[in-house]
Structure formats: C-alpha cells, structure tokens
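In full-length UniProt numbering, the protein residues as written are 1 to 146.
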C-alpha cells in the first residue's frame, strides 16, 4: 500500500506539471501565455488549427483526473492513518520498572513458598496415611457373628 501511495503521489506531481503546461499554452485574452512567448504559433503548429478546443479538452480532462487522483490519495492516506491508529491502540502497553529485578525476586519468593506448602502438604498426607494404617493394624479383629 505504501508503494502504491508513493507511485500515485509521483503521478500526481507529474500530472500537476502537465496541467500547468497546458494552461500556460492556452491563448490568453491578449495573446499571452507560453505559446506567444515562444514564437507566437507554437501551439498551433504542434496541435493544428483547432488548438483552443484541443487544449481546452485536454485541460478539462487533466483537471478531472487530477481531482479524482487527489481525492483517491486522500482516502488512501486516511485509511492508512486509521490502520496505524488502530494498531497503536491494540498494542500492549509497556510498563517500566524502576527495579527490574524486583519482579523476578518476588516471583522466586512466591515459588519457594509454594514449594514449601506443597512439601508440607505431602508430609501431612503421608503421616495421615501411616496413622490410618497403624490404627487399622492395632484394632482388634471383630468376633465372628453366630
């Protein structure tokens, strides 16, 4: 998309220069313009007897293309700006810490506490199992019912 925008911008600049040249070649009220400045009949000799109508048509068509291209580039740049704005809003924020090791130290401390709690829980479960087995062995066997 960036290449297309750049290419169309270059085309717009060239089209603008061409339109300036077309306007300067047209015959003015007092026979002024670029045609008169360069020998008087430059436009007539290049384009024939119907120079004014040909130059008018080319100027009109060039102006139409100029405005359509300008509006298209405007819409393209607007869309590109909206996409970059949406991309910036969806990005995760960065949080700067004054002490970058503080977070890792806190995480390590929490992990060691969790390991301690886990080992205490397994020891308590093992001692409970042992107590249940010991109680089962020391209990007298029930008498058979007759």
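Note that beta-carbon positions come from the ideal geometry of N, C-alpha and C, so glycine has one too.
Note that this is a predicted model, so its numbers are computed, not measured.
- The C-beta separation of residue 70 from residue 23 comes to about 17 Å, leaving the pair out of contact by the 8 Å criterion.
- By the Cβ neighbour-count rule, residue 17 is exposed, with fewer than 16 other Cβ atoms within 10 Å of its own.
- Here residue 25 is actually not in contact with residue 62; their C-beta atoms are around 12 Å apart, not less than 8 Å.
- Of the candidates 27, 120 and 14, the residue whose Cα lies closest to the Cα of residue 65 is 14.
- For residue 11, the CB contacts under 8 Å within the same chain, skipping 5 residues up- and downstream, are 69 in chain order.
- Apart from the 5 residues on each side of it in sequence, residue 76 sits with its Cβ closer than 6 Å to the Cβ of 5 in its chain, given in chain order.
- In the structure shown, the three-state DSSP call for residue 120 is helix.
- Pairing residue 83 with residue 8 gives a Cβ-Cβ distance that is not under 9 Å.
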